[in-house]
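Asks:
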Amino acid sequence: MEVFHLKRIILFLDDYVDRGKQSLVTICFLLAYKIKYPENFFLLRGNHECASINRIYCFYDECKRRYNIKLWKTFTDCFNCLPIVAIVDEKVFCCHGGLSPDLHSMEQIRRIMRPTDVPEQGLLCDLLWSDPEKDITGWGENDRGVSFTFGADVVTKFLHNHDLDLICQAHQVVEDGYDFFAKRQ
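20 is the number of the first residue of the sequence shown in our numbering; add one for each residue after it.
1) What's the C-alpha gap between D162 and V137?
2) If you drop the 5 nearest sequence neighbours on each side, which residues of the same chain put their C-beta closer than 6 Å to that of C82?
3) Where does the unbroken beta strand (DSSP E) through Q188 begin, and where does it stop?
4) Using a 10 Å radius around the Cβ and a threshold of 16 neighbouring Cβ atoms, would you call R64 buried or exposed?
5) How many Å lie between K176 and V111 at the Cα?
6) In chain order, what residues of the same chain lie with their CB nearer than 6 Å to the CB of I28, ignoring the 5 residues before and after it?
7) Pull up the CB-CB distance for L142 and G116, whole angstroms please, since I reckon it's below 8 Å.
8) State the DSSP-derived secondary structure class of D33, mapped to helix, strand or coil.
9) So what does DSSP say about D154, is it helix, strand or coil?
10) Taking the alpha-carbon of E139 as reference, which of T93, R133 and W148 has the nearest alpha-carbon?
11) Locate the alpha helix (DSSP H) running through C144, then write down its first and last residues.
12) At the level of alpha carbons, what is the spacing between E126 and C100?
13) So the candidates are L185, H179, I155 and H181; which of them puts its Cα closest to the Cα of A171?
14) Name the one or two DSSP bridge partners that L62 has.
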């Protein structure tokens with residue numbers, strides 16, 4: 020059975036686990052497609068592809084209940100290798116969270132060594148945890164207690180400085196499945 024038409028490229032932006040009772044089935048399905056279509060199927064890392072987060076939520080418990088803790092550790096090793104950012108057609112910056120006040124060049128992202136766990140602060144943390152916020156200018160505190168929020172001005176400056184057109188992120192739930200921010204940027 021072909022679920023996806025894979026003559027095109029498919030990019031998933033994360034949080035494959037901790038989203039219900041079928042996290043194992045979901046991540047195994049996605050990894051199987053990555054193996055079958057390595058040049059067309061891409062998975063980015065989200066903040067739930069981190070041991071300290073999915074240990075607290077349901078993925079650890081699901082692995083332990085259905086199989087064993089060793090399986091959870093194996094998935095943790097896998098998650099620690101996932102890429103953080105994808106740039107589509109040299110114009111669309113894709114990541115789970117958002118921007119970072121520490122991000123000044125794309126080279127900084129390329130230098131993130133993998134495998135790696137997610138630190139509590141800094142560039143990697145922000146790429147997975149930061150959120151856009153309509154009512155601020157610049158950088159603000161994030162109500163999640165991790166990372167930052169950023170305003171439309173930060174988006175505009177980032178896109179201009181890196182010759183990009185759009186940021187695509189998935190950290191926040193939105194009513195229609197997608198939403199635009201910063202004048203559709």
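Note that beta-carbon positions come from the ideal geometry of N, C-alpha and C, so glycine has one too.
Replies: Judging by the given coordinates:
1) Rounded to whole angstroms, D162 and V137 show a C-alpha spacing of 19 Å.
2) L90 and W91, listed in sequence order.
3) That run of the beta strand (DSSP E) goes L185 to Q188.
4) Within 10 angstroms of the beta-carbon of R64 lie 16 or more other beta-carbons, which makes it buried.
5) One C-alpha to the other measures close to 14 Å.
6) Within the same chain, I28 has close Cβ partners N59.
7) Your pair L142 and G116 does not check out as a contact, with CB atoms roughly 11 Å apart and the cut at 8 Å.
8) D33 falls in the coil class under three-state DSSP.
9) Residue state, collapsed to three classes: coil.
10) Ranked by Cα distance from E139, the first of T93, R133 and W148 is W148.
11) Looking at the DSSP string, the run of the alpha helix (DSSP H) that includes C144 is L142 to W148.
12) It is roughly 18 Å from the alpha-carbon of E126 to the alpha-carbon of C100.
13) Checked all of L185, H179, I155 and H181; the closest Cα to A171 is I155.
14) Looking at the DSSP assignment, L62 forms a beta bridge with F31.
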